[in-house]
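Q:
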Amino acid sequence: MGAYVNDTASAQAQGRCNSCTPEAEAAPPASPRSYPPTQSPSDPPVACHLRSISIPRRVHDAFQSCAPRAEGWPRPGRTVRKKPQSKLLARRPAQQPLHRQLHRELTSVSSYRPAPLNAPAVATYATLREIEDRLKSIRNIEKITKTMKIVASTKLTRAQRAMTESRNYGQTSNTVFEQAETKPAEGEGKKTLIVVCSSDKGLCGGIHSGLSRATRKILLEQPEADLVIIGEKCKAQLSRSNGKNILLSFAGIGKDVPTFADASAIADQIVTLPTDYASVRILYNKFLNAQSYEATPIEAFSEEAIQQSANFSAFEIDDEVLGNLREYALANSLYWALAEGHACEQSARRNAMDNASKNAGEMITKFQILFNRTRQAVITGELVEIITGAAASEDS
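Read in order, the letters of the sequence shown correspond to residues 61 to 456 in the numbering used here.
Take a look at the structure:
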């Protein structure tokens, strides 16, 4: 093996390693040994002062301490801020003198192997799994939204049929009161009752929020008005801002197509309220077409307003008949409002599920491209590692 030169103190005092001294340069060459990949028999080895080994002269001359410092090598006593060329150097502390780090790196066989470019990190595999799980989740959601769209389309056909039938009830009552010239009763101290027709189900866009906004707008003009809410959705929204105005609330609405029996049961509860209201306004979603709707009020008159009608006052009407007429007209209007609101809900749900399915398809396309690119980067990095390792094995 090569000669060992023990003149470290004097060499370090001059800022050079011992291998740069004339004694080390004049040392006899090392005995024959296996050369690293970057060394050849035509490149004679030199002695190293740290360990009795031989390294290529061109490597030693390139990295000796008296030569200009190579880019990427840390300065002695300072923390490494730039990413070094060698992975092994990144794992070693930068507090040791430069020549010690240099020789430890050069004496390692793995330091002669070039590091693969753009090698995939360990987190890349986790990222691939995360992207794959996300894709699976979005595909499942897309299946659900497509199924809900089909179900809503089927229910919309039934709801439109029921809406057409209910309009006959409501429009007949409106025609009677228009011909009788019925107007809301006027009087000081009398309040207005607002009946909000929503449902218990969601996933139908902003159909319930539109009703809540219209109700709040009316309450700004008439802050003393009372509320009767049909459906849990509008109840949850209005109870936060106008909870003191709510008198009654009904649940279980929207599970199926509303019937006249449901409207009659609600009308019976409204009629039994102790307050004598001057006007009853039913707020519902009016079906315009399959894509649009709007919050619209229906006027339901009280017994006093019906009795004071210009054309009804010419006849003698029993109080019992007048009460039955008022309750029947209220049930007709409620049935009309509930049926048309149900059709709007199914139409809005079908549109919402259609938009959700389209958005899910766009997200699937985006994440599939991201997955393919990430997977290709991982495969490329693995191929580079395999080729580099095979080339290093052949050279050694």
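Cβ atoms here follow ideal geometry from the backbone N, Cα and C, with glycine treated the same way.
Quantities reported herein were computed from a predicted structural model and do not represent experimental measurements.
Does the separation of the CB atoms of Ala212 and Met413 fall below 8 Å?
A: yes
Q: Less than 8 Å between the beta carbons of Thr335 and Asp379, yes or no?
A: no
Q: I need the straight-line Cα distance from Leu385 to Lys206, nearest angstrom please.
A: 46 Å
Q: Report the three-state DSSP secondary structure of Ala452 (helix, strand or coil).
A: helix
Q: Return helix, strand or coil for Ala355, following the three-state DSSP convention.
A: strand
Q: Given Ala391, which residues of its chain have a CB within under 6 Å of its CB, disregarding the five upstream and five downstream residues?
A: Ala323, Ser324 and Ala327
Q: Short of 6 Å in beta carbon distance, which residues of its chain neighbour Ala370, apart from the five on each side in sequence? Order them along the chain.
A: In the same chain as Ala370, and ignoring 5 residues on each side of it, the C-beta atoms closer than 6 Å to its own belong to Glu241, in chain order.
Q: Which value, in whole angstroms, describes the spacing of the CA atoms of Leu394 and Ile342?
A: 7 Å
Q: Taking contact to mean at least 3 C-beta pairs separated by less than 8 Å, is the region 437-445 in contact with the region 225-242?
A: No, because fewer than three Cβ pairs between the region 437-445 and the region 225-242 fall closer than 8 Å, the two stretches do not touch.
Q: Using only alpha-carbon positions, find the residue among Arg300, Val288, Leu430 and Pro283 that is nearest to Ala311.
A: Looking only at Arg300, Val288, Leu430 and Pro283, the smallest Cα-Cα distance to Ala311 is reached by Val288.
Q: Can you list, in chain order, the residues of its chain whose CB lies under 7 Å from that of Ser417, leaving out five sequence neighbours each side?
A: The answer, listed in chain order, is Glu202, Thr205, Lys206 and Lys209.
Q: With respect to the beta strand (DSSP E) encompassing Leu307, which residues constitute its N-terminal and C-terminal limits?
A: Residue range Ile306 to Phe310 is occupied by the beta strand (DSSP E) that includes Leu307.
Q: Helix, strand or coil: which one does DSSP assign to Asp260?
A: coil
Q: Just list the residues that DSSP pairs Asp286 with in beta bridges.
A: DSSP output for Asp286 lists Leu253 as bridge partner(s).
Q: Quick one: residues in its chain with C-beta nearer than 6 Å to the C-beta of Gly401, no 5 flanking neighbours on either side, listed in chain order?
A: Cys257, Tyr344 and Asn345
Q: Please classify Ala450 as buried or exposed, where buried requires at least 16 other C-beta atoms within 10 Å of its C-beta.
A: exposed
Q: Enumerate in chain order the residues of its own chain whose CB-to-CB distance from Lys250 is below 6 Å, with the five nearest sequence positions on each side excluded.
A: Ala338
Q: Per DSSP, what kind of secondary structure is Lys206 in: helix, strand or coil?
A: helix
Q: Have a look at Pro244, Ala408, Ser226 and Thr275 and flag the residue whose alpha-carbon is nearest the alpha-carbon of Gln351.
A: Residue Ala408 holds the alpha-carbon nearest to the alpha-carbon of Gln351 among Pro244, Ala408, Ser226 and Thr275.
Q: Determine whether the Cβ of Gly303 lies closer than 8 Å to any Cβ atom of chain B.
A: No chain B appears in the structure shown, which is made up of a single protein chain.
Q: Can you list, in chain order, the residues of its chain with a C-beta nearer than 8 Å to that of Ser301? Leave out the 5 residues immediately preceding and following it.
A: Arg276
Q: Out of Ser259, Leu271, Leu188 and Glu225, which has the shortest C-alpha to C-alpha gap to Asp316?
A: Ser259
Q: DSSP state of Ala391, grouped into three classes?
A: helix
Q: Looking at Ile429 and Leu195, is the spacing between their C-beta atoms short of 8 Å?
A: Pairing Leu195 with Ile429 gives a Cβ-Cβ distance that is not under 8 Å.
Q: Nearest to Ala321 by alpha carbon, out of Trp396, Arg221 and Glu363?
A: Trp396
Q: Can the beta-carbon of Leu271 be found closer than 8 Å to that of Leu307?
A: Leu271 places its beta carbon 8 Å or farther from that of Leu307.
Q: In whole angstroms, give me the CA-to-CA distance for Lys261 and Thr434.
A: 41 Å
Q: Excluding sequence positions up to five away, which residues of its chain have a Cβ less than 8 Å from the Cβ of Leu263?
A: Met208, Arg409, Ala412 and Met413
Q: I need the boundaries of the beta strand (DSSP E) containing Val340, first residue and last residue.
A: Ser339 to Phe347
Q: DSSP on Ala360, reduced to helix/strand/coil?
A: strand
Q: Three-state secondary structure (DSSP) at Gly401?
A: helix
Q: Can you name, in chain order, every residue of its own chain whose Cβ lies under 6 Å from the Cβ of Lys293, other than the five neighbours on each side?
A: Ser258 and His268
Q: Is it true that the CB of Leu188 sits closer than 8 Å to the CB of Phe431?
A: yes
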